[in-house]
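Enquirer:
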Amino acid sequence: MMSTATSARPPLKPGLSTARKAQNMVMGGLILLATLLVVAPLILIFVYLIREGIGAINLDFFTKVPAPEGETGGGLLNAITGSLIMLAMASVFGVLIGLAGGIFLAEYPRHPLMPSIRLVSDVLAGIPAIVMGLVAYGLIVLTFGFSGFAGALALGFLMIPIVVRTTEEVLKLVPQTVREAGLSLGLPQWLVTLKIVLPAAAGGIITGIMLALARVAGEAAPLIFTAFGNPNVNFDPSKPMSALPLEIYRGATSAYDENQRMAKAGALLLIVLIFVTSLLARRFSRKV
Amino acid sequence: MTPILSAKNVNIFYGDKQAVQNVNLDVQPGTVNALIGPSGCGKTTFLRAINRMHDLTPGARVSGQILLDGENIYAPGVDPVAMRRRVGMVFQKPNPFPTMSVFDNVVAGLKLAGMRNKDQLMAVAERSLKGAALWEEVRERLNTPATGLSGGQQQRLCIARALAVDPEILLMDEPTSALDPSSTAKIEELMTDLKKVTTIIIVTHNMHQAARVSDTTSFFLVGDLVEHGPTDQLFQSPRDERTEAYVTGRFG
Amino acid sequence: MSDPARRLPTRASMSSGSDRAFQYLILALASVIVLVFVVSLYLLGKDSWPALQRFGVEFFTQRTWNPVNGTFGAAAMITGTLVTSFAALIISVPLAIASALFVAEYAPKWLANPVGYLIELLAAIPSVVYGLWALFVIAPVLARWQITFFSPEYPERLALYTKCAGIWANDQTTLQCFFVPSSGAGRGLALAIIILTVMILPYTASVARDVIRLVPADQREAMYALGATKWEVISRAILPYARAGIMGGVILALGRALGETLAVAMVIGDSQDILKSLWGNASTMASVIANQFGDAQELLHRSSVVTLGFILFFVSVAVNLLARVLIGRLTPKGVK
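Heads up: the protein sequence lines correspond to chains R, L and B, in order. Position one of the first sequence corresponds to residue 1 (our numbering), numbered consecutively onward. Position one of the second sequence corresponds to residue 1001 (our numbering), numbered consecutively onward. Position one of the third sequence corresponds to residue 2001 (our numbering), numbered consecutively onward.
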């Protein structure tokens, strides 16, 4: 029984059947090709926007409001200020609730309400942005009319589940020993959470907030019938407000070349801001 | 007798770091050979060179020759995929394919090689499962998921899976380290039978296991093969004082 | 007697009182999440009520959507949503999995990280920018091909179009005519599917990449050790092991596709007619909300549009729950 080689040993060379070798090569090639196909749109979009939009990005772009339809010139100051104001307001709401939700899920895992809040937060993350726009419409616009508030509320709704999820994840990464060390000093749990656990996770939480901002900064759908848009610079959030994605939408679907040009420039500005924000967020999370 | 496996001047590197230095080792067919030594000594690294697993690790490099039946597996033109079919491997933790049935696990290697005939597959599966002393326990549930088996059964299933392609050499990388004592005993018992159909090289951190199951033992220390010889001799009258220090439990 | 100052604090001491207050504060704020959900459900339900009351089940089965005579049935946009989403899913899933395999299994690290990052950036591009690009770049390309069907330079194509136009005029179509362009605008159902495919790719791709990376090394090595090629290891060990997670990514992408709004609204043509050609104008539930809600003055029209949102709300909740169930079912268990 020493040599059991009843079946012929497969030779080391040339080895495999050509069919198997070919299949292996072909699949590898297809995978490479598919990856190129997946990445191509990103590069094509970026190159297109730079080529078409960069010419319209000048001082006027940042200091003027859109020219009346059919006329040339103008800028997107109304949209830039509107976006900034609404994002700031959305953050106040979205970050406050999102942080509290994340803290609750991570620090009170045995609370009977924990599973339901986690489930609802997850489910909210999947609801289309435009539906949240309808909700903000029903809550505010029906009574008070189109306003920056309504737009900010819709954006805030969208931020909540993103902030909840990242906050929960990073808080869970804080070692239990850190909490125990705090508690053993005689600190009450809430101080341990606020003064020790949250600062330890600050980097990750800020990353989450930045990603949430980058995500909602590009949303136009929920703003169409909440913030509505405004051809003028407006600092009063109880009045209609413009936003970058809204101007891009209007411009791209407009028949006028000048509006289309503004839309492309606005799109370039928007995706550069979004890319920079997500890059920074990544940097930040890597450092801490 | 001509050795079935012969390592000549084998060096293994991870990037700039050398993990195994200048190992020369002959393995006779139909024997159980243990590789022992403290953790990080290079025994597993050496084992994984025998079926060219290092090809899969970026930065890992092997120099020297490993002759399988007289043929250098690192020679240019050798297809590592075809070569691995002749060298089976059993891993530290049982790792059946969780989405496959018991039967499909055993015949996975045969299906790769293109065997489709159901009766033929069944015959080999039965032979391999018997070889791994698992047949009686699973004959009634060949088509149930492999993950339904106990840990010890899963590891014997992995042995059957390796046996099914009829390997000349069976590499075992601490195959009982994740198992309870009675499953361990079963696998140790099994090795004596397996010698009849293949040649075993086993890495173990448990010196008693090496003493119980192996015919020859190789002692590794920081990448060097310090001593190699018949198991009895190595444990009872080691030639090297470092071996003696290790087998008597003075370090490691 | 012991010094009262050194007694152990009682339960009613300051710290546990403040702990409780903090917990209630956090719980109160976190409950706003549930409140948002409940209020959404209530508002959407309330505003949908007039349309649901008026049309009942017919709202889902009736194809006529006519603001002028006040008849509203959502069958056309329900179909549009399903067709665009599933077509985009079918095209994107193999590409997404392939790119995930490239990043996780094929590319060396110096290439894998940047490619993985590019794919994530794809998910960060706003919908409206995708819409703009589709409208200005892809639509003209499609249009250039489409108009060959109306040109005497290609008599065969023109004949085919003429034949199909006759069939379409009777609100019918054939398999062949379904693939014949019905307009030369570039916009339409096909463009919506194309842009939707691109938009949902990164969701499946990044989830698939993460779960493929989590496949234990010994699963790969076990298959290699049996004498498998790289592709055999991928197809027989890695993908089966990762299938639950990949399915999770696919369903995440489906959820995105079903609710994707502006890019689709900008390119799909906003028509509620019966689908006669892949290239024709169509609409989805989300695109109708975006295109019509602002102009909907009549109560019934407005309520019908909100009902579309209500349906989307339910569908996305259902998709989320379905994903959980499927992932639980498909996850490999019991490797000891």
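C-beta atoms are modelled at their ideal positions from N, C-alpha and C, and glycine is treated no differently.
Would you list, in chain order, the members of the segment 2283–2309 of chain B that have their beta-carbon closer than 7 Å to a beta-carbon of chain R?
Expert: Flagged, chain order: A2286, I2289, A2290, F2293, G2294, V2306 and G2309.
Enquirer: List, in chain order, every chain B residue whose beta-carbon is nearer than 9 Å to that of R:F176.
Expert: It should be pointed out that residue 176 of chain R corresponds to Gln in this sequence rather than to Phe. Per Cβ cutoff of 9 Å: no residues; R:Q176 is ~18 Å from chain B at best.
Enquirer: Which residue or residues does DSSP assign as beta-bridge partners of L:V1087?
Expert: Beta-bridge pairing links L:V1087 to L:I1169.
Enquirer: Please state whether the Cβ-Cβ distance between B:A2225 and L:R1061 is less than 7 Å.
Expert: No, these two residues do not count as a Cβ contact at 7 Å.
Enquirer: Going along the chain, which residues of its own chain have a beta-carbon closer than 8 Å to the beta-carbon of L:V1222, five neighbours each way excluded?
Expert: Same-chain partners within the cutoff: G1040, C1041 and G1042.
Enquirer: When the Cα of B:N2069 is compared with those of B:F2102, B:L2300 and B:V2325, which residue comes out closest?
Expert: Minimum Cα distance to B:N2069 is reached at B:L2300.
Enquirer: Using the C-alpha atoms, what's the distance from R:I50 back to R:F157?
Expert: Using only the alpha carbons, I get a separation of about 32 Å.
Enquirer: Would you say L:A1164 faces chain R, with C-beta separation under 7 Å as the test?
Expert: No - not a single Cβ of chain R is within 7 Å of the one on L:A1164.
Enquirer: Can you tell me whether DSSP reads B:M2077 as helix, strand or coil?
Expert: Three-state result, B:M2077: helix.
Enquirer: Where does L:K1017 land, buried or exposed, given buried means 16+ other C-beta within 10 angstroms?
Expert: It counts as exposed.
Enquirer: Could you check whether B:S2018 and R:A188 sit closer than 7 Å to each other, using their CB atoms as the reference points?
Expert: It should be noted that the sequence gives Pro, not Ala, for residue 188 of chain R. Yes, the pair counts as a contact, with Cβ atoms nearer than the cut-off.
Enquirer: Have a look at B:M2077, B:L2201 and B:L2029 and flag the residue whose alpha-carbon is nearest the alpha-carbon of B:V2250.
Expert: Ranking the options by Cα distance to B:V2250, first place goes to B:L2201.
Enquirer: Alpha carbon to alpha carbon, how far is B:A2242 from R:M2? Give it in angstroms, no decimals.
Expert: Unreliable positioning characterises R:M2 in this predicted model, as indicated by a pLDDT of 38, which lies under 50. A coordinate reading is not provided.
Enquirer: Answer yes or no: does any C-beta atom of chain R fall closer than 7 Å to that of B:K2230?
Expert: Closer than 7 Å to some Cβ of chain R, the Cβ of B:K2230 qualifies, so yes.
Enquirer: DSSP has L:H1228 in a bridge; who is on the other side?
Expert: DSSP lists L:S1218 as partners of L:H1228.
Enquirer: Report, in whole angstroms, the separation of the C-beta atoms of B:T2307 and B:G2080, which I expect to be a contact under 8 Å.
Expert: At roughly 15 Å, the Cβ-Cβ gap does not stay under 8 Å, so B:T2307 and B:G2080 are not in contact.
Enquirer: Among L:F1046, L:D1224, L:L1194 and L:V1226, which residue has its Cα nearest to the Cα of L:S1214?
Expert: Of the candidates L:F1046, L:D1224, L:L1194 and L:V1226, the one whose C-alpha sits nearest the C-alpha of L:S1214 is L:L1194.
Enquirer: Expressed to the nearest angstrom, what Euclidean distance is found between the alpha-carbon atoms of R:G73 and R:L268?
Expert: If I take the Cα positions, the gap works out to 17 Å.
Enquirer: Along the segment 1076–1099 of chain L, what residues have a CB closer than 9 Å to any CB found in chain B?
Expert: If the cut-off is 9 Å between Cβ atoms, the segment 1076–1099 of chain L has P1080, V1081, A1082, M1083, R1084, R1085, R1086, V1087, G1088, M1089, V1090, F1091, Q1092, K1093, P1094, N1095, P1096, F1097, P1098 and T1099 near chain B.
Enquirer: Starting from the C-beta of B:A2244, find all residues in its chain whose C-beta is less than 6 Å away, skip the five residues before and the five after it, and write them out in chain order.
Expert: Closer than 6 Å at Cβ, skipping near neighbours: I2327, L2330 and T2331.
Enquirer: Could you tell me whether the Cβ atoms of L:M1191 and L:I1201 are closer together than 7 Å?
Expert: It is not a contact, given that the beta carbons lie outside the stated cut-off.
Enquirer: Shorter than 7 Å from the beta carbon of L:A1019 to some beta carbon of chain B?
Expert: Taking Cβ atoms only, chain B never reaches closer than 7 Å to L:A1019, which makes this a no.
Enquirer: Helix, strand or coil for B:R2329, going by three-state DSSP, please let me know.
Expert: Of the three classes helix, strand and coil, the one that applies to B:R2329 here is helix, per DSSP.
Enquirer: From B:N2113 to R:S278, what distance separates their C-alpha atoms?
Expert: B:N2113 and R:S278: Cα-Cα distance of roughly 15 Å.
Enquirer: Does B:A2028 pass the burial test, meaning 16 or more other C-beta atoms within 10 Å, or should it be called exposed?
Expert: It counts as exposed.
Enquirer: At the level of alpha carbons, what is the spacing between R:K287 and R:L119?
Expert: Reliability fails at R:K287, whose pLDDT of 46 lies under 50, so the model's placement of it is uncertain and the value that follows must be treated cautiously. Straight-line Cα distance between these residues: approximately 31 Å.
Enquirer: For the beta strand (DSSP E) containing L:I1004, name the first residue and the last one.
Expert: Per DSSP, L:I1004 belongs to no beta strand (DSSP E) and is neither H nor E.
Enquirer: Let me know the secondary structure DSSP gives L:N1095 once reduced to three states.
Expert: Residue state, collapsed to three classes: coil.
Enquirer: Below 8 Å on the Cβ atoms is my contact criterion, and I expect B:W2279 with B:A2205 to pass it. Report the Cβ-Cβ distance as a whole number of Å.
Expert: With 8 Å as the limit, B:W2279 and B:A2205 do not qualify as a contact, their Cβ atoms being about 28 Å apart.
Enquirer: Against chain A, with Cβ distances strictly below 7 Å, would R:I57 count as a contact?
Expert: Of the protein chains in this structure, namely R, L and B, none is chain A.
Enquirer: Once the 5 residues before and after L:N1095 are set aside, which same chain residues still bring their CB inside 7 Å of it?
Expert: Excluding positions up to five away in sequence, the list reads C1158.
Enquirer: Is B:N2320 helix, strand or coil by DSSP?
Expert: Helix, per DSSP.
Enquirer: Assuming L:R1061 is part of the beta strand (DSSP E), what are its boundary residues?
Expert: Where L:R1061 is concerned, the enclosing beta strand (DSSP E) stretches over A1060 to L1068.
Enquirer: Under 7 Å between C-beta atoms, does L:E1071 make it to chain R?
Expert: Interface residue, yes.
Enquirer: Taking Cβ-Cβ distances shorter than 9 Å, what residues in chain R pair up with B:A2124?
Expert: Under the 9 Å cutoff, chain R gives L211, A214, R215, G218, I271, I274, F275, T277 and S278.
Enquirer: What's the C-alpha gap between B:Y2342 and L:A1162?
Expert: Any property of residue 2342 of chain B remains undetermined from this structure, which presents chain B solely from 2001 to 2336.
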